[in-house]
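This report concerns only the one structure given below.
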Amino acid sequence: MIDATMAGIADELATGKRASIGFEEAEALEALPQARLPELLDCSQRVTEAFKEWTIFSCQVCNAKSGRCSQDCAFCAQSIHHGGSSPEYPLQSPLALLDTAKAAQDCGATFFSIVTSGGSLDTEELAQVCQAVSFIRSQTELSVCASLGELSPAMAESLAESGLQTYHHNLETAESYFPSICGTHSYADRVRTLEAAKEAGLSVCSGGVLGLGESPEQRLELAFQLRDLSVDCIPLNFLDPRPGTPLASRPLLQPQEALKAIALFRLINPDRDITICGGREKILNVRQHLVFRAGANGLMIGSYLTTSGQSAFDDLEMIRAEGRQVLRGAKDLSPAQDSPSAGGFV
83 MIDATMAGIA DELATGKRAS IGFEEAEALE ALPQARLPEL LDCSQRVTEA FKEWTIFSCQ
143 VCNAKSGRCS QDCAFCAQSI HHGGSSPEYP LQSPLALLDT AKAAQDCGAT FFSIVTSGGS
203 LDTEELAQVC QAVSFIRSQT ELSVCASLGE LSPAMAESLA ESGLQTYHHN LETAESYFPS
263 ICGTHSYADR VRTLEAAKEA GLSVCSGGVL GLGESPEQRL ELAFQLRDLS VDCIPLNFLD
323 PRPGTPLASR PLLQPQEALK AIALFRLINP DRDITICGGR EKILNVRQHL VFRAGANGLM
383 IGSYLTTSGQ SAFDDLEMIR AEGRQVLRGA KDLSPAQDSP SAGGFV
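Per my numbering, the sequence shown starts with residue 83, numbered consecutively.
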C-alpha cells in the first residue's frame with residue numbers, strides 16, 4: 083500500500099465517492115508495519131473529520147442491576163459461570179436512576195445509559211426501566227440509552243414509547259469467533275435483538291471487545307458485520323482481564339494494535355459514530371488522546387460496569403486538550419445516521 087494510494091482512499095471516503103473500503107484493502111492496511119501507523123491514523127482522521135468535524139460526544143453508564151448473570155461470556159466478571167467477583171444487587175428504582183442521571187449530566191455527559199445484567203428483563207423490570215427513561219427524558223437534557231439484554235419486538239416497542247432513544251447490544255466479537263466466547267446464546271440471538279430495536283425506531287449501538295484472543299482478520303470481520311447491519315454507533319472496548327474469568331490470563335492488546343483497530347473500524351464505517359469505552363486507560367495509558375486521531379468521535383467517561391476509569395473531569399479535559407468540542411445537551415437529537423449514539427461497555 084503506497085502513500086498515494088492511502089491518501090486516495092481517504093479522499094474517496096471523505097468525499098462520499100466510496101461508501102467503505104473492501105476486505106482485501108482492509109487486510110492490506112492491517113498488515114502495515116508499525117512504523118506506518120501514523121500514516122494510517124492520518125488517513126482515518128481525515129475521514130472522521132469529514133463526517134464528524136471536531137465534536138466529541140460523551141456517555142456515562144449506570145450499572146442499574148448487577149451480578150448473577152445467567153450468560154457465560156468469557157470476559158465478564160458478572161457471570162455465575164465464572165469465579166469473578168462483582169457487586170450483586172437488584173434493579174434500582176426509577177427515582178434512583180433519575181438521581182444518577184442528574185449526576186451524570188452535572189459531570190458533563192451527553193448520553194446516559196441504563197445497563198442491567200442477565201439475559202433479559204422480566205415484565206416488572208421492563209416497566210421500571212420505562213418509567214426511569216420517562217423521568218430522565220422529562221427532567222434532564224440527556225439523551226437516554228439502555229442495554230438490557232435480549233429484546234422481543236414488544237419490549238422494544240415499550241422502550242421506544244417510554245422515550246428511549248438508543249438501544250445497545252454488542253455483537254462482542256466476530257461471528258466466527260463467538261462460540262469461543264459465549265455458549266449460552268448465539269450470535270443470531272444478538273442480531274435478532276438489534277433488528278427488534280431497529281424495527282421499533284430506536285437507534286442501535288453495537289460493537290465489541292477487542293483482545294479476546296481473536297485474530298486481526300476476525301476484528302475486520304466484526305467491523306464489516308457491523309457495517310452490513312447498518313448500526314448507528316460502534317462502541318469499542320479493549321479487554322481488561324478480570325480475575326476469575328476464563329480470560330483472566332489473556333495478555334493485554336498492544337497500544338499500536340488498539341489504535342490500528344480503531345482506524346480500520348473508521349475506514350470500514352466512515353459515517354458511523356465510534357465510541358471508545360472500557361479498557362482504554364489500561365491499554366493506552368498516556369496515549370489515550372490518540373483515539374480521536376485514530377477515528378473515534380465519542381468517549382465513555384468516568385467508570386464502567388465492573389472496572390474503574392479515570393474521572394469524568396479528566397476525560398473531558400483530555401477532549402478539550404485535543405482542541406475538540408464536547409457535545410452537551412443532546413436530548414433532542416434524533417436517532418439518525420448523522421446524530422451521535424451512545425453505548426458500549428465491559
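The beta carbon of each residue, even a glycine, is placed where N, CA and C say it ideally should be.
Beta-ladder partner(s) of residue i, from DSSP
{"i": "residue 287", "result": "250, 315"}
{"i": "residue 228", "result": "196, 249"}
{"i": "residue 292", "result": "320"}
{"i": "residue 407", "result": "137"}
Sequence-distant residues of its chain with Cβ nearer than 8 Å to residue i (five each side left out)
{"i": "residue 129", "result": "92, 95, 96, 348, 349, 352, 377"}
{"i": "residue 243", "result": "212"}
{"i": "residue 162", "result": "150, 151, 152"}
Of the listed residues the options, nearest to residue i (C-alpha basis)
{"i": "residue 199", "options": "144, 363, 226", "result": "144"}
{"i": "residue 186", "options": "141, 211, 346, 291", "result": "141"}
{"i": "residue 148", "options": "274, 202, 90", "result": "202"}
{"i": "residue 311", "options": "206, 257, 225", "result": "257"}
{"i": "residue 225", "options": "231, 302, 120, 184", "result": "184"}
{"i": "residue 365", "options": "291, 336, 358, 236", "result": "336"}
{"i": "residue 283", "options": "236, 323, 112", "result": "236"}
{"i": "residue 146", "options": "293, 175, 156", "result": "175"}
{"i": "residue 168", "options": "177, 178, 157", "result": "157"}
{"i": "residue 87", "options": "119, 125, 381", "result": "125"}
Cut-off 6 Å between Cβ atoms - residues of its own chain near residue i, not counting five sequence neighbours on either side
{"i": "residue 398", "result": "190, 408"}
{"i": "residue 112", "result": "298"}
{"i": "residue 400", "result": "371"}
{"i": "residue 253", "result": "272, 288, 290"}
For residue j and residue i, the rounded distance between their alpha carbons
{"i": "residue 375", "j": "residue 276", "result": "29 Å"}
{"i": "residue 85", "j": "residue 341", "result": "19 Å"}
{"i": "residue 172", "j": "residue 369", "result": "37 Å"}
{"i": "residue 123", "j": "residue 114", "result": "12 Å"}
{"i": "residue 330", "j": "residue 404", "result": "34 Å"}
{"i": "residue 402", "j": "residue 136", "result": "10 Å"}
{"i": "residue 102", "j": "residue 355", "result": "14 Å"}
{"i": "residue 134", "j": "residue 127", "result": "10 Å"}
{"i": "residue 138", "j": "residue 181", "result": "25 Å"}
{"i": "residue 326", "j": "residue 159", "result": "7 Å"}
Cβ shell of residue i (< 7 Å), same chain only, five flanking positions each side left out
{"i": "residue 306", "result": "105, 350"}
{"i": "residue 420", "result": "Residue confidence is low: residue 420 scores 40 on pLDDT, short of 50, so the model does not pin down where it sits. No coordinate-derived value is stated."}
Exercise. Which residue spans inside the stretch 346-384 form an unbroken beta strand (DSSP E) run of at least 3?
Worked result: 355-358, 380-382, all fully within the stretch 346-384.
- Inside the stretch 134-192 only - alpha helix (DSSP H) runs reaching at least 4 residues: At a cut-off of 4 residues, the continuous stretches assigned as alpha helix (DSSP H) that sit fully inside the stretch 134-192 are 176-189.
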